[in-house]
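Worksheet: the structure to be examined is printed underneath.
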Amino acid sequence: MKNEQMKMEKCGIYTWFGFVIPFPEKLRLIKEAGFDTICTWWDDMFVEIDGRKEEHFSQALAAGLYLEHTHLPYDGCDELWRPGMDGDTLCEQYCKGVSEAAESGIGTVVMHPFERFVPENGIWEVFSARMERIAGQSAEKQIRLAIENLPDRKGFMHIVDHLNANPYVGICFDTGHNHVTIPNDFELLERYQDRIFALHVHDNHGTSDEHLLPYSGTIDWMAFKRTIEKTGFGGSLMLESCYPIDMEKFDKDPAHEYQAPPIPPEEYLADAKRCCEKVLQIQTED
Numbered sequence: 001m002k003n004e005q006m007k008m009e010k011c012g013i014y015t016w017f018g019f020v021i022p023f024p025e026k027l028r029l030i031k032e033a034g035f036d037t038i039c040t041w042w043d044d045m046f047v048e049i050d051g052r053k054e055e056h057f058s059q060a061l062a063a064g065l066y067l068e069h070t071h072l073p074y075d076g077c078d079e080l081w082r083p084g085m086d087g088d089t090l091c092e093q094y095c096k097g098v099s100e101a102a103e104s105g106i107g108t109v110v111m112h113p114f115e116r117f118v119p120e121n122g123i124w125e126v127f128s129a130r131m132e133r134i135a136g137q138s139a140e141k142q143i144r145l146a147i148e149n150l151p152d153r154k155g156f157m158h159i160v161d162h163l164n165a166n167p168y169v170g171i172c173f174d175t176g177h178n179h180v181t182i183p184n185d186f187e188l189l190e191r192y193q194d195r196i197f198a199l200h201v202h203d204n205h206g207t208s209d210e211h212l213l214p215y216s217g218t219i220d221w222m223a224f225k226r227t228i229e230k231t232g233f234g235g236s237l238m239l240e241s242c243y244p245i246d247m248e249k250f251d252k253d254p255a256h257e258y259q260a261p262p263i264p265p266e267e268y269l270a271d272a273k274r275c276c277e278k279v280l281q282i283q284t285e286d
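According to full-length UniProt numbering, the sequence shown holds residues 1 to 286 in order.
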């Protein structure tokens, strides 16, 4: 059966866009730039700047924004594929994160099932048992679990297909990861057109995960828009871009590598909103 097509009309942005700013101030700037929605990071590593993550949903609503989804941490997630206490503990942490996010009012959590590729020594039976537990927690708490595509497309599809019977499991389609893997091939959107729970939208040049604004790299945004319009996705065009930095170095050591951008956050957000609107306004052929 063909999906009922829904129109994507809202602009969203991840609350990390390259500037270290207290969370309430970020919300104010994002709202004033004209965004409708946000996504956040579900961890306490930035609590000194962002405050309690459990309060972000209500704070967003008070600022006139909607927290559409939150991202579970992914550091060390390959341990889910290995037997032992480290993997068991991580599984418990994911289950706890799912429950906490649901209790905070959030409707969707995003998860990386592995760091980049299924680890060479990974054991499917170990991973699938843990993954089924996390997915079961999502169903119990009635919060959607969006599994994010990474360079290992085969491994990603195997996981999503394995959990097909659980209506609370779907995908988060990341345009940047997709472009580095198979440039301008949007087959994943077609394959999971009725199970797209979230988007992470950013650009690159097809060689590294740069997290650039749309139209700063080589993604074919017309092709993306044409494909997403044929799906049942009606959420936000959620930017996961940030002021250009070396993301690989930043992920390894955020404190050491971070340098404040040379422009004010208002300027970056205004540019981000224009890029978001440009994608939304693409007219595609029927």
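Here a beta-carbon is modelled for each residue, glycine too, at the ideal position from N, C-alpha and C.
query	result
Nearest neighbour of N244, chosen from I171, S216, V279, A33 [CA to CA]	The sequence given here places Pro at residue 244; Asn does not occur at that position. Of the listed residues, the one whose Cα sits closest to P244 is S216.
Q137 classed as buried or exposed, judged by whether at least 16 other C-beta atoms fall within 10 angstroms	buried
Contact belief for C77 with F114 at Cβ below 8 Å, rounded distance in angstroms	6 Å
K53 vs W42 beta-carbon contact at 7 Å	yes
Whole-number beta carbon distance between F197 and R144, since they are thought to touch under 8 Å	5 Å
Range covered by the alpha helix (DSSP H) that runs through C91	85 to 103
Three-state secondary structure (DSSP) of D43	coil
Local conformation of G12 per DSSP, three classes	strand
Closest by C-alpha distance to A135, when choosing among D161, K154, F117	D161
Own chain, CB closer than 7 Å to C91, minus 5 neighbours either side, in chain order	L80, R130, R133, I134
Bridge partners - F224, DSSP secondary structure assignment	Answer is none; F224 lacks a bridge partner.
Cβ-based neighbour list, E100, same chain, cut-off 7 Å, excluding 5 preceding and 5 following	E54
Proximal residues to K141 (C-beta, below 7 Å), its chain only, five neighbours per side dropped	V98, S99, A102
Helix, strand or coil at I134 [DSSP, three-state]	helix
Alpha-carbon spacing of H158 relative to L212, whole angstroms	29 Å
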